[in-house]
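If you read the sequence shown in our numbering, its first letter stands for residue 8, the second for the next number, and so on.
Ideal Cβ placement from N, Cα and C applies to all residues, glycine included.
Comments concern the structure below.
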Amino acid sequence: MSSFSIVDDKYIPLYRVMWVAATPHFCGDEECQREGFYEVRLEQGESVWATMGERDSMIQALDHWQEGVDPPPGAEGDSLSDDGDLW
Ligand SMILES: [Zn+2]
Numbered sequence: 008m009s010s011f012s013i014v015d016d017k018y019i020p021l022y023r024v025m026w027v028a029a030t031p032h033f034c035g036d037e038e039c040q041r042e043g044f045y046e047v048r049l050e051q052g053e054s055v056w057a058t059m060g061e062r063d064s065m066i067q068a069l070d071h072w073q074e075g076v077d078p079p080p081g082a083e084g085d086s087l088s089d090d091g092d093l094w
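Written as C-alpha cells, this is what we have:
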C-alpha cells in the first residue's frame with residue numbers, strides 16, 4: 008500500500024493531509040477555478056483540490072494507511088453494531 012495519493016497530478020504524502028472536504032467547494036465566485044472540487048487540506052495551510060474520484064481514492068488510501076501504520080486497539084468494523092446500545 009502506497010503512502011501517497013494522487014491529487015491534481017501531484018503525489019500527496021498521506022501524513023501531510025490534515026483533512027479532506029466532505030462536500031465540493033462552492034463560493035459563488037464566477038471566476039472560481041475550484042468549484043465542484045474537493046479541498047484536501049495539507050500541513051502549513053496548503054491545499055490541493057481533488058476531483059470526486061481523487062477525493063475517494065484519498066479517503067481510501069488514508070483508511071488503509073492508518074490501519075497499516077497505527078492500528079487502533081479494538082476499533083474495527085462499525086462501532087454502532089458493537090455498542091449494544093439499542094433505543
Ligand atoms: Zn471558490
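With the cut-off set at 9 Å, would you say residue i and residue j are in Cβ contact?
| i | j | result |
| --- | --- | --- |
| residue 24 | residue 59 | no |
| residue 47 | residue 28 | yes |
Closer than 8 Å by C-beta to residue i: which residues in its own chain qualify, once you throw out the five before and the five after it? Chain order, please.
| i | result |
| --- | --- |
| residue 44 | 31, 32, 56, 57 and 58 |
| residue 49 | 19, 23, 24, 25 and 55 |
| residue 17 | 55 |
Buried or exposed: where does residue i fall if 16 or more other Cβ atoms within 10 Å of its Cβ makes it buried?
| i | result |
| --- | --- |
| residue 68 | buried |
Let me check one thing: in DSSP terms, what residues is residue i bridge-paired to?
| i | result |
| --- | --- |
| residue 46 | 56 |
| residue 31 | In the DSSP output, where bridge partners are listed per residue, residue 31 has none listed. |
Spatial neighbours of residue i within its chain, please: CB distance less than 6 Å, with the 5 preceding and 5 following residues excluded, ordered by chain position.
| i | result |
| --- | --- |
| residue 52 | none |
| residue 61 | 14 |
Going by beta carbon distance, what residues of the same chain come within less than 7 Å of residue i, once the five residues before and after it are set aside?
| i | result |
| --- | --- |
| residue 42 | 32 and 33 |
| residue 12 | 19, 21, 64, 65 and 68 |
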